[in-house]
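A short worksheet on the structure shown next.
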Amino acid sequence: GQQLNQSPQSMFIQEGEDVSMNCTSSSIFNTWLWYKQEPGEGPVLLIALYKAGELTSNGRLTAQFGITRKDSFLNISASIPSDVGIYFCAGQLRGSQGNLIFGKGTKLSVKP
Amino acid sequence: NAGVTQTPKFQVLKTGQSMTLQCAQDMNHEYMSWYRQDPGMGLRLIHYSVGAGITDQGEVPNGYNVSRSTTEDFPLRLLSAAPSQTSVYFCASSYSVADTQYFGPGTRLTVL
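Chains A and B are the protein sequences, given in the same order. The opening position of the first sequence corresponds to residue 499 in the working numbering, with each subsequent residue numbered one higher. The opening position of the second sequence corresponds to residue 31 in the working numbering, with each subsequent residue numbered one higher.
Take a look at the structure:
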């Protein structure tokens, strides 16, 4: 199946540090989404991106839809302990029925 | 609104047993889907439905059946459970396939 390459796989950072993670693919996407999953819960949508080049913020989170439509990044500024969780990128392929394809996730750990 | 609800939260089966994972949503969403989440694999689409009476296969449909007799409910059936089906199962729904998907809390299934 189609692949979304998400990196890094895991991050261990100090509280207050900025975080950056990204997803890339060889395929073109119509939509990029970023989800956060906490232990024992389902993924929760953080940011949705619909246009190439779009830069969107949600509080301390900023995400961008790559110009080539093949990549996206998520930045978290001034991390806090409650940022801990697994972050997933997901996308809807251009020309597909629209079902989401998920990356394998970035596990974020924040040390107080 | 209760959002997306899933039952049971935990289940242990023996190989060969059958069971149904329940999913319901009260948001009048047309699109519903089932994913499985395995360590290091992200979420993979099992089956989806774009409306009552319509279902289709996702990336990993083998061993699972679905039906959509009402807009609200989208049960996932395992006819003969196998250890390879040990996983966490998430149901999600949205107004349409292009809209934001909301996830349920998940069902953790172990097949012995």
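The C-beta atom is built at its ideal place from N, Cα and C for all residues, glycine as well.
Checklist entry - Any idea if residue 548 (chain A) is buried or exposed, counting beta-carbon neighbours within 10 angstroms, 16 or more meaning buried? => result Here residue 548 (chain A) corresponds to residue number 50 of the first sequence, with the count starting at 1. Classification of residue 548 (chain A): exposed, given that the 10 Å Cβ count is below 16.
Checklist entry - Is the beta carbon of residue 560 (chain A) sitting closer than 9 Å to the one on residue 570 (chain A)? => result By 1-based counting over the first sequence, the position of residue 560 (chain A) is 62. By 1-based counting over the first sequence, the position of residue 570 (chain A) is 72. For residue 560 (chain A) and residue 570 (chain A), no; Cβs fall outside 9 Å.
Item to check | Rounded C-alpha distance that separates residue 52 (chain B) from residue 577 (chain A) | outcome: On the second sequence, position 22 is the one that residue 52 (chain B) refers to. On the first sequence, position 79 is the one that residue 577 (chain A) refers to. When the Cα atoms are used, residue 52 (chain B) and residue 577 (chain A) turn out to be separated by approximately 37 Å.
Next on the checklist: Counting only Cβ pairs nearer than 8 Å, list the residues of chain A close to residue 93 (chain B).
Outcome noted: For the purposes of this step, residue 93 (chain B) is identified with residue 63 of the second sequence, where counting begins at 1. Taking a Cβ-Cβ threshold of 8 Å, none of the residues of chain A is close to residue 93 (chain B); the smallest such distance is about 17 Å.
Next on the checklist: Does residue 129 (chain B) come out as helix, strand or coil in the three-state DSSP assignment?
Outcome noted: For this step, residue 129 (chain B) is matched to residue 99 along the second sequence. In this structure, residue 129 (chain B) counts as coil in the three-state DSSP scheme.
Next on the checklist: In chain order, what are the residue ranges of uninterrupted alpha helix (DSSP H) at least 4 long that sit wholly in the stretch 504–576 of chain A?
Outcome noted: None, since the stretch 504–576 of chain A contains no complete alpha helix (DSSP H) of that length.
Next on the checklist: To the nearest angstrom, how far is the alpha carbon of residue 614 (chain A) from that of residue 521 (chain A)?
Outcome noted: Residue 614 (chain A) cannot be examined here, being either before or after the span of chain A that is shown, 499 to 610.
Checklist entry - How big is the Cα-Cα spacing for residue 42 (chain B) and residue 84 (chain B)? => result Taking the first residue of the second sequence as 1, we reach residue 42 (chain B) at position 12. Taking the first residue of the second sequence as 1, we reach residue 84 (chain B) at position 54. Residue 42 (chain B) and residue 84 (chain B) have their C-alpha atoms some 30 Å from each other.
Next on the checklist: Under 8 Å, with one C-beta from each stretch per pair, do the stretch 588–604 of chain A and the stretch 118–129 of chain B reach the 3-pair mark?
Outcome noted: Touching, per the Cβ criterion.
Checklist entry - Which stretch, first to last residue, makes up the beta strand (DSSP E) that contains residue 50 (chain B)? => result Numbered from 1 along the second sequence, position 20 holds the residue referred to as residue 50 (chain B). In this chain, the beta strand (DSSP E) harbouring residue 50 (chain B) covers 49–55.
Checklist entry - From residue 103 (chain B) to residue 66 (chain B), what does the alpha carbon distance come to, in whole angstroms? => result Taking the second sequence and counting its residues from 1, the one referred to as residue 103 (chain B) is at position 73. Taking the second sequence and counting its residues from 1, the one referred to as residue 66 (chain B) is at position 36. Taking the straight line from one Cα to the other gives about 18 Å.
Checklist entry - Since residue 543 (chain A) meets chain B, which of its residues come closer than 7 Å, beta carbon to beta carbon? => result Counting from 1 along the first sequence, the entry for residue 543 (chain A) is found at position 45. Result: 130.
Item to check | Counted within 10 angstroms of its Cβ, other Cβ atoms place residue 38 (chain B) as buried (16 or more) or exposed | outcome: The residue given as residue 38 (chain B) occupies position 8 in the second sequence. With fewer than 16 other Cβ atoms within 10 Å, it is exposed.
Next on the checklist: Within the continuous beta strand (DSSP E) that includes residue 118 (chain B), where are the two ends?
Outcome noted: Within the second sequence, numbered from 1, the residue matching residue 118 (chain B) stands at position 88. It spans 117–124 - the beta strand (DSSP E) in which residue 118 (chain B) sits, taken as one unbroken run.
Item to check | Straight-line Cα distance separating residue 527 (chain A) from residue 592 (chain A) | outcome: In the first sequence, residue 592 (chain A) corresponds to position 94, counting from 1. In the first sequence, residue 527 (chain A) corresponds to position 29, counting from 1. One C-alpha to the other measures close to 5 Å.
Checklist entry - Got a sec, what are the start and stop residues for the beta strand (DSSP E) residue 95 (chain B) sits in? => result Mapped onto the second sequence, residue 95 (chain B) falls at position 65. Counting along the chain, the beta strand (DSSP E) containing residue 95 (chain B) begins and ends at 94–96.
Item to check | the stretch 51–76 of chain B: positions lying closer than 9 Å to chain A by Cβ | outcome: Listed in sequence order: 61, 63, 65, 67, 70, 71, 72, 73, 74, 75.
Item to check | Cross-strand partners of residue 103 (chain B) (DSSP beta bridge) | outcome: As a working mapping, residue 103 (chain B) is identified with position 73 in the second sequence. DSSP lists B:54 as the bridge partner or partners of residue 103 (chain B).
Checklist entry - Does the beta carbon of residue 126 (chain B) come closer than 9 Å to any beta carbon on chain A? => result As a position in the second sequence, residue 126 (chain B) is number 96, starting the count at 1. Taking Cβ atoms only, chain A reaches closer than 9 Å to residue 126 (chain B), which makes this a yes.
Next on the checklist: So for residue 110 (chain B), helix, strand or coil by DSSP?
Outcome noted: Here residue 110 (chain B) refers to the residue found at position 80 of the second sequence. It is coil, neither helix nor strand.
Item to check | C-alpha gap between residue 587 (chain A) and residue 524 (chain A), whole angstroms | outcome: Your numbering for residue 587 (chain A) matches position 89 in the first sequence. Your numbering for residue 524 (chain A) matches position 26 in the first sequence. Rounded to the nearest whole angstrom, the CA to CA distance from residue 587 (chain A) to residue 524 (chain A) is 15 Å.
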